[in-house]
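Chains as they are written, first to last, in the numbering used here: chain G, 156 to 291; chain P, 156 to 291. Read the structure below first, then the notes.
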DNA sequence: GTATAACATATCTGATAGGTAGGTTTAATG
DNA sequence: CATTAAACCTACCTATCAGATATGTTATAC
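This is the structure:
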């Protein structure tokens, strides 16, 4: 189950995409519109900025803006950054130590199949799709 | 991310399917083979029994057996019972109170699509598929 | 040089996964 | 009918983490 981090991240990116016209959008504007606590939101924007999905500018007139066009943001890239992993089980996490029983594991194929199913789906949807309310 | 409950439940059902020949399999046999603490395993078998996926018999010679053939167990039915929900976000949980913002929610279609994708996949795989090491 | 806003660090709190302990009831068997 | 084996039941413990809050420090525009 996804946490609020990933869900809020999506809402924030949609918010910025819709309200920015090349301008930087300050955090408190976003927090107010999306009804998310400023301080909690900050911790999410840090992730997005460090991950290169947003560009932050300090000082007066500063704020956040997208680093690329909405079509270039896949759901997978956003959720991977904010949730840490999309793997349905721990042994499939990106940084998992290789399991010694993987050869004889009866359940591994299921988890691999599910992992691919989820990954493919989230890779196929972009931020632009959500904004344009495209059927997904 | 799935918890150990669902993962263990799968392993247990496979274990019982492979080691039972109509006989009841006692919990400690399963725990030993699967290297899971007896007491923790017990809490999982309670769920499976109450949910009708296993039949438990008390007393000497007792234990657990399947209530139906492996082809009739879908991954979805097993994981739904042990994980509580398969919904990727809280607002899609079976018992969630209806969200007042669902009409204008930009992210809802994504979560609904993901929910369906996951559900369809897990519905398509059965316990028999895992046992026979079928490609899934 | 002052207002603004991102960036940084530390801490708190409640829920839950994961596990443990001990006792009670049911059924088979000698 | 006593004994044993096993499911079943209730309660508790502990570490982790989501979800926040608080208090700063640094950079930028005017």
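In this text, a Cβ means the ideal position worked out from N, Cα and C, and glycines have one as well.
Using only the alpha-carbon positions, how far apart do residue 219/P and residue 290/G sit?
Those two C-alpha atoms are separated by around 46 Å.
Whole angstroms are fine: how far does the CA of residue 260/P sit from the CA of residue 196/P?
Using only the alpha carbons, I get a separation of about 41 Å.
Using the C-alpha atoms, what's the distance from residue 286/G back to residue 270/G?
So the two alpha carbons sit approximately 26 Å from each other.
With 16 other CB atoms within 10 Å as the buried threshold, where does residue 253/P fall?
Flag for residue 253/P reads exposed.
Closest Cβ-Cβ distance between residue 306/P and chain G: below 8 Å?
Only positions 156 to 291 of chain P appear in this structure, which leaves residue 306/P out of reach.
Write down every uninterrupted run of the alpha helix (DSSP H) in the segment 157-199 of chain G whose length is 4 residues or greater and which is fully enclosed by it, in chain order.
The segment 157-199 of chain G contains these whole alpha helix (DSSP H) runs: 159-174, 182-189.
Using alpha carbons as the reference points, say which of 198/G, 167/G, 264/G lies closest to residue 184/G.
Residue 167/G is the option with its Cα nearest to residue 184/G.
Determine contact between the segment 233-249 of chain G and the segment 230-246 of chain P, defined as no fewer than three beta-carbon pairs at a distance below 8 Å.
Flag = no, the segment 233-249 of chain G and the segment 230-246 of chain P do not touch.
Could you please give me the residues that DSSP links to residue 221/G through a beta bridge?
In DSSP, residue 221/G forms a bridge with 209/G.
Put residue 262/P into one of helix, strand or coil per three-state DSSP.
It is coil, neither helix nor strand.
How many whole angstroms separate the CB atoms of residue 328/G and residue 241/G, which I take to be in contact at a CB cut-off of 8 Å?
Examination of residue 328/G is not possible in this model, given that chain G is present from 156 through 291 alone.
Given a cut-off of 8 Å on the beta-carbon distance, is the pair residue 156/P and residue 243/G in contact?
For residue 156/P and residue 243/G, yes; Cβs fall inside 8 Å.
Output the boundary residues of the alpha helix (DSSP H) element that contains residue 231/G.
Unbroken alpha helix (DSSP H) run through residue 231/G: 230-238.
May I ask which residues mark the beginning and end of the alpha helix (DSSP H) holding residue 282/P?
Segment 282-286, the alpha helix (DSSP H) holding residue 282/P.
Residues of the segment 234-258 of chain P with a CB closer than 8 Å to any CB of chain G: list them in chain order, please.
Answer set for the segment 234-258 of chain P: 240, 242, 243, 244, 245.
Is it the case that the Cβ atoms of residue 103/P and residue 199/P are separated by a distance below 8 Å?
Beyond the ends of chain P as shown, which are 156 and 291, falls residue 103/P; an answer cannot be given.
Among 274/G, 281/G, 268/G, which one has its Cα closest to the Cα of residue 277/P?
Residue 268/G is the option with its Cα nearest to residue 277/P.
Select from 208/P, 171/P, 202/P, 249/P the residue whose C-alpha is nearest the C-alpha of residue 274/P.
Here the closest residue by C-alpha is 249/P.
Near residue 158/G, what residues of its chain come up, given a Cβ to Cβ distance below 7 Å and the 5 sequence neighbours on each side ignored?
238.
Suppose contacts are defined by Cβ-Cβ distances below 8 Å. Is residue 193/P in contact with residue 182/P by that definition?
In this structure, residue 182/P lies closer than 8 Å to residue 193/P by Cβ.
Name the chain P residues that come within less than 7 Å of residue 219/G, Cβ to Cβ?
The contacting residues do not exist; residue 219/G stays about 18 Å from chain P at best.
Within 10 Å of its beta-carbon, does residue 255/P have 16 or more other beta-carbons around it, so buried, or fewer, so exposed?
Exposed: under 16 other Cβ atoms inside 10 Å.
Tell me which residues of the segment 162-180 of chain G have at least one Cβ-Cβ distance to chain P shorter than 7 Å, keeping chain order.
Per Cβ criterion, the list reads 162, 165, 166, 169.
Which chain P residues are close to residue 216/G, counting only those with a beta carbon under 8 Å from its beta carbon?
The contacting residues do not exist; residue 216/G stays about 27 Å from chain P at best.
How many Å lie between residue 217/G and residue 262/P at the Cα?
Approximately 27 Å between the Cα atoms of the pair.
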